[in-house]
Amino acid sequence: MMRRGNQNYVCWRCLSLRPAGRVVPLRRASGPVVAATPLSSFSALAAAASRPSSALFPSITRHDRRPLLRYLSTEPPAAANTGQGETGEGETASLFDRALDEELDGDPFSRPGDIRAQLRAWEARNPDKTLTVPPDAPVGDSVSNSLTKNLWDLNMLLDKPTVQDDDSSQPHFDGVDVIDSSHAGAALQAGDLVEFSANSSTSLFIAVCLGNFNGHLHFYTSKGQWFTTRSLRTGFVVKNYFEDPGELDDLVQAIPSLSSSESVLKDLQERNAGPSREIGASLIRKMHAFLTESRLLHQAYVERLSKAHLSFGKEEKVLSLREIADVLLPVQLKRGKSYFPPEALYAVYCTIMADDLNFLPLTRGVRERESYMFVLQPASVLENVARVEDLVRGVSELDAARGRAGKKFITATDSFLEFQSQARSLIDQTRKTRDWSPHGMVGPFKDPGSGPVAPPQPVAWSETGLAVIQFLETWAAQGSFRPSSRYHWVGAAILRGLDRYPGAILDSSTGWTFLQEIGWIAPWDVSARHTLRLPSQRTTRHTALPNPPSLDATKVELAGDRLARLRQEFAQSTVYCIDSADTLDVDDGISLEAAGDGEYWIHIHVADPASRIRHTSPLAKEGAIKMGTSYLAGFYDRMLDRDDVRDIFSLRPDSPSLTFSARVNEKGQLLGSKVTPGILKDVVYMTPEDVSSVVGDTPEVAPPPDVLEVGKRPAEHAPPVRKMDTPETLSKAHKRDLKTLFKLATAIRNVRLEKGATPVFPSRPRARVSLDGLSPVAAENGSAFYHGDPYIRVEYDNQGSSLVSSIMQLAGEVAARWCFDRRIPIPYRVQKIASEHLAALQAFNRDVLHPKLLAGERPTQEEYSVLRVLGGSYEVSTLPGPYLGMGLDMYAKVTSPLRRYPDLVAHWQIEAALLEEHRLGTSLAGRKLSADGPVAVPGKPPPTQGFLPFTKTDLDNDILPQVRIRERHRKLVDNVEGNTQWILQALVRAWRFGEGSPKLPETFRFTVADTAPGRGLIGRLDWFGQAAEVDLEGLKPVTRLAEVKPNDEFEVELLDVNVHTQKVSVKLLKRL
């Protein structure tokens, strides 16, 4: 109950039961407090309280955050007796009826006593009156009202579906590998105990998973409520908490429907048609016992838990829940095991989630065992946030503060006023050449046409000014505050004080454009780079400005080649390196060797930096932080960012390689394999397009031809960085090799298709960006200003060369089998649950998914959900398993060690095993994978792992958790959110500022993906499949929310585009 601290409150129910003669202060009034008399007159009491009757009813409804009007009129509390001085049941009802008359109409009228009949009568007398309770929730999704709206409401607690989640949950293809940026983590199964809430809520609740039926997860909560969802973003899971399946049988039988229809299940949920509390009583008791034990543990160690943020130092770092618990809880709680019981972990989890600032859950990442990973905010950020909050609060109460504050505060206030003055000046200067817009980005550069215009002049920010700007960067750029955080008011107050954003919503999106207007970030910067940044990663604010050298990696000399004695020359083979002409890191190539009788050795030669970069070196540690090369348009960032690394290891004549060789026949069957350190001699460079033209490779599904260009098209590309061969310059032998390789690659692919591999992936829109000529015209004190804007070209990508993709996947299969035979732990790529649903998955792919993909159609979100349920997510593990998306029994990524850290880890492990085999003079292979499973090699005991850089435990506990979170964040930046923000920049420039070729259409076709109760529709436009939303107002007058179902189509027009929030809003014009 929210009320002022000096305000007394007594609810009507308690008042009606209060003995006569007691003092009943309803509020602190200016007049005298009147002693209560026998309650024969409610109106007299109301008058004595010095409070209008209309103010009494809000107080009544606040008793337990549920309306009490119906309760008081239909189920009045029974009085102990009806003696003098006390009020009986009938009198209480009479008092309430008279009060209701005064509240609703002011003119009492007779009615039969039933509240529903009374309200119907009032509605009949007031047909034109509509009483709407204004929502106490802010506009948008970046901030939530968790202080006055902390209700038990599943529609509020569950995260609302968005098409951005749809984008990130769908696997796609980068030309070689499947890219999975899903947040799902390990699949939920019946009996799992889960925490659920919304990112916008401070309340945490638990539920048991009842199972997955027809693509929908069904849950039963600790409060006895049933709900379903396609994907639950849960931060805490106890796997198999309810071990006995029989415990769930009665609840599953009582589920009102196992339909696959979203609308049917939503309707049942809204009507509370789920299993009763009586049926779920045993599960409710068990969940309550879990919560009770967790709370008792929290109370026992409350002092430790309350100081959690002080236990990990002052530096920013990524921590798992188990790592946090190991520091905060005594080891005795583990009860002889290697980990804490789930009740203890949940106590720690609740403590961290209640922390408003110190710990930030990485909700965009996958769960690591039980829970999310967490970022510990650095002490410098915490101190700055506290300082700026105090400063802004003081400035907001300036008059009172000056009366009681000292010189130090007044000086800080003066510095803040100086910051405001400087910021206003910079904003005014910037708006002479760039308009402010409410679209999460400033407008494009305006050429005045009357001669050169002076750029804004950067200012020398004071210490206070820099502190405020850094706070705004933490708030608006990095997104370090949860939607429920109390610190959002600080950013809004700073923007309000500038008096430059009248009428704008003062949220983090406006804060982002403010940072652009003062030159702190570039006008075209991509906020996903900042919000998805992880500890130790450097994010440059202005890529055109020189960057400081990275750590100590630039000073480290490369070690000697530890495989020099083992290398073999591939002098008789031509190596074909197939990549784009502007690729700097050429890390793979292919060669062919005939073996007779229709058999061939296909050699996949891979760059070998692992032979000279030690896994403990600073250069390796920098690679582990980046986890891979970033390919985000306009912000290319190499993993191993040293020219000598590129020059030495990028494939060329006489360069070292680690070669993965597969012996195959013309049917595409794998007959044998080996791994060899090598040295290349004859190298030919070609583009995928030229290779396809030589071998006659055409895509099975051509990408759509849609294109949008904004900005000035750059001049022709610079000459390629190396000599490129073309079909005209190839010899007949070269063409013959390529055609044979293509024939073998096609046969290998057909074998995988028979095992259920995905034949094609939908083309995705890709933004290609040029920043040529966009150097700062003024740069000083951390700010920079530019004339001009990026050139952006939006088009659909293609699937690349099927020859390259098929043979690179072959290298991953060879590496996985080689390590499996030797029990070498590496980062395998697996779909853990796919084998459990193999028959159903193959049938779904054959009958539903693959025909749609081959027809060039985009599967629905419902179909992708079924695929996720049957096939699971693509995970990384030290244990091999099937990779059915590629039709492989096992797979590991090994072909890009210059660009992917997990590939480099695999190389370190493989090369250590090669050296050990050379030392022993025999193979370490102790088993072979056959069609019937692993077969042990007689006389070959499992090898010890002392010679490996990483043991299985090292990988499981230290390496792979970082791989999962950092790799996912990089993929989200490169392939999903960063790419989307470039596309939306182009859309805003075309729609709002008149740029673009071809001209943007006036209207679009909108296909409904899902309905969001209380919010509207989400779906996609027929413009590059862009995600869009329709709010309830945007439905009028075309339709109502209840009349819309998925896959319905409408003609719409754009209402708003916000680049920062990645939100496109449209209005319905007509149904199609």
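When you line the sequence shown up against the working numbering, it's residues 513 to 1584, in that order. From the three backbone atoms N, C-alpha and C, an ideal C-beta is built for every residue, glycine too.
Residues in its own chain within less than 7 Å of residue i by CB, not counting five upstream and five downstream?
{"i": "residue 1157", "result": "1121"}
{"i": "residue 1083", "result": "1193"}
{"i": "residue 897", "result": "869, 983, 986 and 999"}
{"i": "residue 1486", "result": "1142, 1143 and 1144"}
{"i": "residue 1023", "result": "984, 987, 988, 1003 and 1007"}
{"i": "residue 1209", "result": "1254, 1313, 1314 and 1315"}
{"i": "residue 1197", "result": "1089, 1234, 1235, 1236 and 1237"}
{"i": "residue 1184", "result": "1175"}
{"i": "residue 1364", "result": "1371"}
{"i": "residue 1207", "result": "1250, 1251, 1254 and 1315"}
Beta-carbon separation of residue i and residue j under 8 Å?
{"i": "residue 1426", "j": "residue 1187", "result": "yes"}
{"i": "residue 1035", "j": "residue 1098", "result": "no"}
{"i": "residue 1216", "j": "residue 1275", "result": "yes"}
{"i": "residue 1422", "j": "residue 1327", "result": "yes"}
{"i": "residue 872", "j": "residue 844", "result": "no"}
{"i": "residue 1118", "j": "residue 1100", "result": "yes"}
{"i": "residue 957", "j": "residue 1299", "result": "yes"}
{"i": "residue 1382", "j": "residue 1353", "result": "yes"}
{"i": "residue 1335", "j": "residue 1454", "result": "yes"}
{"i": "residue 1580", "j": "residue 1550", "result": "yes"}
{"i": "residue 718", "j": "residue 762", "result": "no"}
{"i": "residue 1075", "j": "residue 967", "result": "no"}
{"i": "residue 1475", "j": "residue 1388", "result": "yes"}
{"i": "residue 1032", "j": "residue 1294", "result": "yes"}
{"i": "residue 878", "j": "residue 1480", "result": "yes"}
{"i": "residue 1226", "j": "residue 1303", "result": "yes"}
{"i": "residue 1204", "j": "residue 1114", "result": "no"}
{"i": "residue 1045", "j": "residue 1051", "result": "yes"}
Alpha carbons only, please: which of the options is nearest the one belonging to residue i?
{"i": "residue 1088", "options": "1105, 1138, 1080 and 864", "result": "1105"}
{"i": "residue 1490", "options": "1368, 1329, 1277 and 1345", "result": "1277"}
{"i": "residue 798", "options": "773, 1260 and 703", "result": "703"}
{"i": "residue 1259", "options": "1181, 768, 1521 and 1114", "result": "1181"}
{"i": "residue 927", "options": "791, 979, 969 and 1522", "result": "979"}
{"i": "residue 1478", "options": "1522, 874, 1038 and 1430", "result": "874"}
{"i": "residue 1108", "options": "892, 759, 1042 and 1178", "result": "1178"}
{"i": "residue 1054", "options": "629, 736, 1391 and 1289", "result": "1289"}
{"i": "residue 951", "options": "1050, 1020 and 935", "result": "1020"}
{"i": "residue 1132", "options": "758, 1461 and 1164", "result": "1461"}
{"i": "residue 1262", "options": "902, 1322 and 1369", "result": "1322"}
{"i": "residue 895", "options": "853, 1430, 946 and 826", "result": "826"}
{"i": "residue 1441", "options": "1430, 1331 and 1361", "result": "1331"}
Going by the C-beta, is residue i closer than 7 Å to any heavy atom of the ligand ZN?
{"i": "residue 1054", "result": "This structure lacks the ligand ZN; in fact it carries no ligand of any kind."}
CB-CB under 8 Å to residue i, same chain, minus the five flanking residues each way: which ones, in chain order?
{"i": "residue 1405", "result": "689, 1324, 1339, 1341, 1412, 1414, 1415 and 1418"}
{"i": "residue 1578", "result": "1516, 1518, 1533, 1540, 1541, 1542, 1546, 1564, 1565, 1566 and 1567"}
{"i": "residue 700", "result": "706, 721, 724, 729, 744, 746 and 749"}
Could you name the residues of the same chain whose beta carbon sits closer than 6 Å to that of residue i, not counting the 5 residues immediately before and after it, in chain order?
{"i": "residue 1557", "result": "775"}
{"i": "residue 1081", "result": "1191"}
{"i": "residue 1310", "result": "1215"}
{"i": "residue 596", "result": "Annotation note: pLDDT 42 at residue 596 (below 50); position unreliable, no value reported."}
{"i": "residue 1464", "result": "1337 and 1390"}
{"i": "residue 941", "result": "968"}
Rounded C-beta distance between residue i and residue j? I'm assuming under 8 Å.
{"i": "residue 1125", "j": "residue 1070", "result": "7 Å"}
{"i": "residue 995", "j": "residue 1073", "result": "About 53 Å; that fails the 8 Å criterion."}
{"i": "residue 939", "j": "residue 1030", "result": "7 Å"}
{"i": "residue 880", "j": "residue 933", "result": "Wrong, their Cβ atoms sit about 48 Å apart, outside the cutoff."}
{"i": "residue 865", "j": "residue 1473", "result": "Rounded, the Cβ-Cβ distance is 19 Å, inconsistent with contact."}
{"i": "residue 1147", "j": "residue 1038", "result": "7 Å"}
{"i": "residue 1135", "j": "residue 1163", "result": "Not really, about 19 Å apart at Cβ, beyond 8 Å."}
{"i": "residue 753", "j": "residue 787", "result": "Wrong, their Cβ atoms sit about 18 Å apart, outside the cutoff."}
Three Cβ pairs or more, each shorter than 8 Å: is that satisfied between the stretch 1242-1262 and the stretch 1342-1358?
Because the criterion of three Cβ pairs below 8 Å is not met, the stretch 1242-1262 and the stretch 1342-1358 do not touch.
Would you call the stretch 1529-1547 and the stretch 1556-1570 touching, i.e. three or more CB-CB distances under 8 Å?
Counting Cβ pairs under 8 Å, three or more are found: they touch.
Assess contact between the stretch 802-810 and the stretch 848-864, defined as three or more Cβ pairs (one per stretch) separated by less than 8 Å. Is contact present?
Segments in contact, yes.
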